[in-house]
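Below is one structure, written out as structure tokens; the observations come after it.
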Ligand SMILES: [Zn+2]
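Chains as they are written, first to last, in this note's numbering: chain A, 1 to 168; chain B, 1001 to 1839.
As structure tokens, then:
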């Protein structure tokens, strides 16, 4: 089948699945990412909100670092870098938007990663977010784009990891 | 006269006060789109104007009450449910990973109807290539659990993941699904049957009459699925690297026998085929199960072990005995003994015998890798005075499991029982294997493990510790919902997951309030504000956003119902009433809605409508605050006030500049012809005014005079607050009033304020003299999942975005700007280290 000629280039997925149990009757795997057109600053701000527990699995299974994420700053750095590498945005002409790092932090059960940019003139954003999807095939990365008080959303999963969001 | 009639009731809109707009600062003009999408208006259409009845009674939507389930949400006087008793004899072939078994099933028809056939659920067939689930699996769709594919897009080819490949290869290499044979009645006479996908229908020679029973037998076998390849909520996990011996497996056995489908008063046969997500709906019954397994295996199962003398050593039995009243868990099989087991192996077998009374399912686990600990719970009461909490886990679970699994079981039972009923089973078990988290009566499968290091040690992170405790509490909690309160998981996931997530949040926070467990209203804000939602009341297999919709949103809604709307006393009484009414029975959503409303004595139809039947969100805006002052009507006082207000207004720029230029006014230059009007302003009081005032006082009736004089004496502050419902979901308005004197006061306006005008309302509030309002905040404690905080403040406040706040606080501990770049840049380049495969 032609299908099989194009295997998803994910490294070590088979091995990973042995390490990581899929979650069944417990909470579902999801993260929330907000892209906010901030009127006060003029910036496009991105906040990635992941569960600390999920982030920990990535750090240990995918990135081969076992630091306790809640306190170990270098493990946090590794996760933040991993997370950002799976996230990309382009404008309506498919020109990539390069974000500036703002930082990251642990707050309660969440791990947050922040980025920002002076947004280009565009009437749409093409967003891709594949973080954690190679680890948990059911991972949903929920995107909210907030501009002028309106929220436009997309749920990105391994089977549809990108979406185009029209701006108001 | 006008003043009198109004003075009787200050709260009416027609207050006799002359509105003086002290503060009329409008910063935002709010436009709300009034979408007239009333899901309840089937047949009833508001075709004029924008009125929307957010308080329309649910009676029109809920099923008509009857003798099986009544209008109070209780089991009705004719309530019935079927009973299905199972006797199963099974043999586990460890090498072939194969189960062969026979079952004798006794079906008791308690319904008022005769049944000509029985429907069975064959969940193992759901994994066959010709099952409805496999055939209905959309390529590139949302997916089941565990594997995925992606459609071609632009110039990119279609893709399948390694996980999907692995699943398909597993299917190709293994025969999947049940082989069923020898389907006979009690006398051994063959029965007609048909297998269709993951269901089976047995046709009966004679219909089972109401009140009578029927016994059938069948043999079945199947190849056990590899859980990590297929993701089936059960199956085997292979450990290729165990020392000494080739390898070992953990077997988690669930959905492991043909089960009779439920037959109910509201749906008759629940023969909706398993698609992989909407879980199970089953009948209660008694189980007698014997499983033959390798002699060195330890078996954990639903029910009570009937033959300990044959399968346990004397030492193990005496350890179990000492666990009954031990302070901490006691090892029945120690880590050292388990390690010895897993490195040896045997070809001998043993048969374990369990029985369980009045349960809706039966599951078990078997492995020679199991460490086993136990601790007794003295619950007291009549239902089940003693419970044994037990955990079974391999060395991979390690200290994480040793420390917390059994203790988390004990804690879960303690908290859940307080909110529902006494735990009714003799055991409660947590097993570590390849399943992340899954529940069965008396037994749960839980996934978290330790991390293996090259030096052979095992550690676990804080996150994994919290996760283990959280998942054990959650899965043990499922004993209450849906194992005992037997809701239909296939139709309504929220009835077990939502209620259970709500309670596991309570139990988690009672374990350690510093651990951020549970679903706080603020956790669902991002989901609630998004434009990709379906109502909670959506059938399980059709839900698009399963996690937030079936777990987080209902849990947050119940949190709000308890903490904000009903208060703990009313809520806890009603919730317990629901649990106890439906203990060991089968409730539907309407039974839940009706019971909570009926037992709390509060009309909650608006709440169910908003949170469960709609996709509205909460966003209440405070738009304006007007200050009003009660006039004394005494012209000498009121006119002076008017004059002062006039003086307080800014002067005309024209007048000011003329003054600066030293321009003299004509009237000042010509004082000689000034008249009365030049000497007295328009606020001047005349005796005519004074006479009219005294006459008004004279005309007051005695009651009116008292009220009027008291109001003048008290000189309270009157404020008119304007609110807009931007999100559509009607909710109580939680107010925090901050006064100029620094004091604060919280007030709650009930949701019913929106009943005649769902989009905009005004509310007058009255405060004592001296309590002058400085600012107003809506939902200051973030208790209602209000999605926009900025419009919760009057006067408006600039709310920093998350990123602005992060920068402003200089949370440098995690700021990458503070990396020691000068030091890091001296680091030599290295070859990547070889990755150690984890065991
Ligand atoms: Zn659950």
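All residues carry an ideal CB built from backbone N, CA and C; glycine is no exception.
Keep in mind that this is a model prediction, so the values were computed, not measured.
- In this structure, residue 1489 (chain B) has its beta carbon at no less than 7 Å from each heavy atom of ligand 1.
- The three-state reading of DSSP puts residue 1481 (chain B) in helix, counting H, G and I together.
- Collapsing the DSSP output to three states places residue 1215 (chain B) in a strand.
- Ligand 1 approaches residue 1500 (chain B) closely enough that one of its heavy atoms is under 7 Å from the residue's Cβ.
- Between the region 1043-1054 of chain B and the region 1068-1088 of chain B, the count of C-beta pairs closer than 8 Å stays below three; the two stretches do not touch.
- Contact check for residue 111 (chain A) against residue 55 (chain A) passes: the beta carbons are separated by less than 8 Å.
- A heavy atom of ligand 1 is found nearer than 7 Å to the CB of residue 1474 (chain B).
- For residue 1497 (chain B), the shortest separation between its Cβ and any heavy atom of ligand 1 lies below 7 Å.
- DSSP places residue 100 (chain A) within a strand segment (E or B) once states are collapsed to three.
- Here residue 1453 (chain B) is not bridged, per DSSP, to any residue.
- Interface with chain A (8 Å Cβ-Cβ cutoff): residue 1467 (chain B) is included.
- The C-beta of residue 1676 (chain B) has fewer than 16 other C-beta atoms within 10 Å across all chains shown, which makes the residue exposed.
- Put simply, the CB of residue 105 (chain A) is near chain B, with a gap under 8 Å to one of its CB atoms.
- A contact between stretches requires three or more CB pairs, one per stretch, nearer than 8 Å, and the region 129-147 of chain A meets this requirement with the region 28-41 of chain A.
- Contact annotation: the region 1479-1499 of chain B does not touch the region 1247-1261 of chain B, with fewer than three C-beta pairs closer than 8 Å.
- Residue environment for residue 1396 (chain B): buried (at least 16 other C-beta atoms within 10 angstroms of its C-beta).
- The C-beta of residue 1530 (chain B) comes closer than 8 Å to at least one C-beta of chain A.
- One Cα belongs to residue 1383 (chain B), the other to residue 1760 (chain B), and the distance between them is close to 52 Å.
- Less than 8 Å divides the Cβ of residue 1069 (chain B) from the Cβ of residue 1588 (chain B).
- Exclusion of the five residues before and after residue 1376 (chain B) leaves 1323, 1324, 1325, 1326, 1386, 1387, 1388, 1389 as the residues of its chain whose Cβ lies within less than 8 Å of its Cβ.
- When Cβ-Cβ separations below 8 Å define contact, residue 68 (chain A) makes contact with chain B.
- Note on geometry: alpha-carbon atoms of residue 1108 (chain B) and residue 1206 (chain B) lie some 14 Å from one another.
- For residue 153 (chain A), the chain B residues whose Cβ falls inside 7 Å of its Cβ are 1530, 1531, 1532, in order along the chain.
- Within the DSSP secondary-structure output, residue 144 (chain A) pairs in a beta bridge with A:34, A:153.
- For residue 1413 (chain B), not one C-beta of chain A is nearer than 8 Å to its own C-beta.
- The beta carbons of residue 128 (chain A) and residue 88 (chain A) sit about 5 Å from each other, so the pair counts as a contact at 8 Å.
- Residue 1478 (chain B) has its CB nearer than 7 Å to a heavy atom of ligand 1.
- By the neighbour-count definition (other C-beta atoms within 10 Å, threshold 16), residue 1511 (chain B) is a buried residue.
- Per the Cβ contact rule, the region 1284-1300 of chain B is in contact with the region 1353-1368 of chain B (3 or more Cβ pairs under 8 Å).
- In the three-state DSSP reduction, residue 1372 (chain B) falls in the strand class (E or B).
- Taking 8 Å as the upper bound for CB-CB distance, residue 1362 (chain B) and residue 1287 (chain B) are in contact here, some 5 Å apart.
- Annotation for residue 1446 (chain B): the continuous beta strand (DSSP E) segment containing it runs 1443-1446.
- Close partners of residue 1170 (chain B) in chain A (Cβ separation under 9 Å) are lacking, with about 11 Å as the shortest Cβ gap.
- By the rule that beta-carbons nearer than 8 Å mark a contact, residue 1461 (chain B) touches chain A.
- Rounded to whole angstroms, the separation of the alpha carbons of residue 1197 (chain B) and residue 1410 (chain B) is 40 Å.
- Within the DSSP secondary-structure output, residue 1492 (chain B) pairs in no beta bridge.
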